[in-house]
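Q:
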Amino acid sequence: MKALVVGADKVRTIRAELEQTAHLGVTRTECWSGRQPGDVRRCIPADTRVVVVLCDRVNHNLLFSVRRQAEGRGVPVLYCRHSVVDVREKLARLVVADAERRAAAQGYVGRCA
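Per the working numbering, residue 1 is the first one in the sequence shown, and the count goes up by one each step.
Structural data, given as structure tokens:
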């Protein structure tokens with residue numbers, strides 16, 4: 001699976017953090033700097049599992065485009081500062097929320113109404 005990082009040139013530490021989160025199954029990370037005007041028209045890759053938007057480096061049009069595409073595909077979007085600590089905290093929340101969602105879905109499937 002792939003992660004998409006939007007809004008950064010140097011993502012080595014963020015890439016390592018995403019790949020350490022085994023629950024997401026991220027093996028590759030793609031990066032869009034957001035500096036090119038054409039970045040607004042780019043499409044999120046089909047095998048993207050999570051999108052990380054570094055808010056302090058992204059223009060509003062790119063942010064809107066990425067959010068709209070991710071919502072359409074059901075891909076979670078993490079809005080972070082350009083900080084590994086912030087990314088780590090948001091990933092932890094995502095993992096907990098995903099585990100709660102799965103537990104609720106499993107509990108709901110077995111019940112009769």
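Yeah, the Cβ is synthetic: ideal placement off N, Cα and C, and Gly gets one too.
Fair warning: this is a prediction, and the values are worked out from it, not measured in the lab.
(1) Is the region 17-30 touching the region 90-100, taking contact as three or more C-beta pairs under 8 Å?
(2) Would the beta-carbon of LEU62 fall within 7 Å of that of ASP39?
(3) Helix, strand or coil: which one does DSSP assign to ALA55?
(4) Pull up the distance between the alpha-carbon of THR27 and that of ARG49, whole angstroms please.
(5) Output the residue ranges of the alpha helix (DSSP H) runs that lie fully inside the region 11-37 and measure 4 residues or longer, sorted by chain position.
(6) Let me check one thing: in DSSP terms, what residues is CYS80 bridge-paired to?
(7) In three-state terms, what does DSSP make of VAL75?
(8) Near ARG57, what residues of its chain come up, given a Cβ to Cβ distance below 7 Å and the 5 sequence neighbours on each side ignored?
(9) Quick one, which of MET1, LEU24, HIS23 has its alpha-carbon nearest GLU30's?
(10) Taking the beta carbon of CYS117 as the centre, do at least 16 other beta carbons fall within 10 Å, making it buried, or is it exposed?
A: Working from what's here:
(1) yes
(2) yes
(3) Residue identity differs from the one stated: residue 55 is Cys in this sequence, not Ala. Residue state, collapsed to three classes: helix.
(4) 10 Å
(5) Positions of the alpha helix (DSSP H) runs, each at least 4 residues long and wholly inside the region 11-37, are given as 12-20 in order along the chain.
(6) LEU54
(7) coil
(8) GLY7, ALA8, GLY34, HIS82
(9) Of the candidates MET1, LEU24, HIS23, MET1 places its Cα closest to the Cα of GLU30.
(10) Residue 117 falls outside the range modelled here, since the chain spans only 1 to 113, and no answer is possible.
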